[in-house]
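Counting in the numbering used here, the sequence shown runs from 3 upward without gaps.
Ideal Cβ positions, reconstructed from N, Cα and C, are used throughout, including at glycine.
Just so you know, these numbers come straight off a predicted model, no measurement behind them.
First the structure, in the form of structure tokens, and then the observations on it.
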Amino acid sequence: MIIITGASRGIGKFLLEEFQRSGEDVSGTYFNENKELEKNPVYHRLDVTDFGGAEKFAAGFGDKLKDIVLINCAGNNYNCFAHKSSPGEWRKVIDTNLTGTYNMIRAFLPAMRSQGYGRIINFSSIVAQRGIPGTSAYAASKAGLWGMTRSIAVENAGKGITINNLNLGYFDIGMITEVSDEFQKIVKSKIPTGEFGDPVNIFNAVKFLINSEYINGSSVDMNGAIS
Ligand SMILES: NC(=O)c1ccc[n+]([C@@H]2O[C@H](COP(=O)([O-])OP(=O)(O)OC[C@H]3O[C@@H](n4cnc5c(N)ncnc54)[C@H](OP(=O)(O)O)[C@@H]3O)[C@@H](O)[C@H]2O)c1
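Right, dumping it as structure tokens:
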């Protein structure tokens, strides 16, 4: 079964709907109160920074938990120059993007290991590859995924489990659509096609990683050759 965190909007929601259309058994999580999702049995409310909640969420599937694919989309951002930043807000980004991803992996790994199969896909970002002002927390959280992924890949490769990151550039969905038109224009000027990526590319890449048993511990760039 496919489990997608941060599936209330953006990339996570898009992937959940695409997998549903393909007839897959998929479950998604949301974080903030949401009256509509509350009634939807496909969705569970979860704060990925809470390991106890992640463990309970995993246990809740009981015997249904088979052929687990964990797609970690939950994420947040805090834009501020480091010298003016709030340590609390800074830490929240690390807690969600890095520790939250770990919490989910930690909660599902035991079942993956005992079943001899698992796929883990995380989302890193081009922001961690470039020095972009105001992004120290986000960049640190996304760079942390690379090292964590390598280590977990080595620990679990013998158990039929793969873990990889997709290093996304800018896609026409989610976080980037919330920044100013002016900033979007600057970013687009650096992409050879002048366009953000179509999210269907993310869906195709995720399917490719699910079907690939020998791509493991990798961080794959998807950025349209942005300069
Ligand atoms: N969009 C892009 O172009 C792009 C580029 C590079 C990397 N990425 C990465 O791709 C992933 C998805 O991005 P997106 O643009 O789709 O993000 P998004 O639209 O901002 O959605 C973020 C999701 O994370 C959930 N979330 C936030 N804090 C959470 C917490 N503590 N516990 C559980 N869930 C939490 C949100 O839930 P609520 O709705 O309930 O708040 C929402 O479902 C992120 O990791 C992001 O860093 C995106």
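For N203, the secondary structure class from DSSP, reduced to helix, strand or coil, is helix. The C-beta distance from F173 to F210 rounds to 16 Å, too long to meet the 8 Å contact threshold. The C-alpha of F21 is placed about 28 Å away from the C-alpha of S153. Residue pairing of I123 in beta bridges, as defined by DSSP: I73, N166.
Between ligand 1 and T31, a heavy atom-to-CB distance of less than 7 Å is present.
Excluding its 5 nearest sequence neighbours in each direction, G120 has C-beta neighbours in its own chain below 6 Å: I70, M114, I163, listed in chain order. Taking D52 as reference, the option from R108, N166, I4, Q186 with the minimal CA-CA separation is R108. In the structure shown, I154 adopts helical secondary structure according to DSSP, grouped into three states. Beyond the five residues adjoining it in sequence on each side, P201 comes within less than 7 Å, by CB distance, of I13, F16, F173, D174, I175 in the same chain, given in chain order.
From the listed residues A56, V28, N34, the smallest Cα separation to P43 is found for V28.
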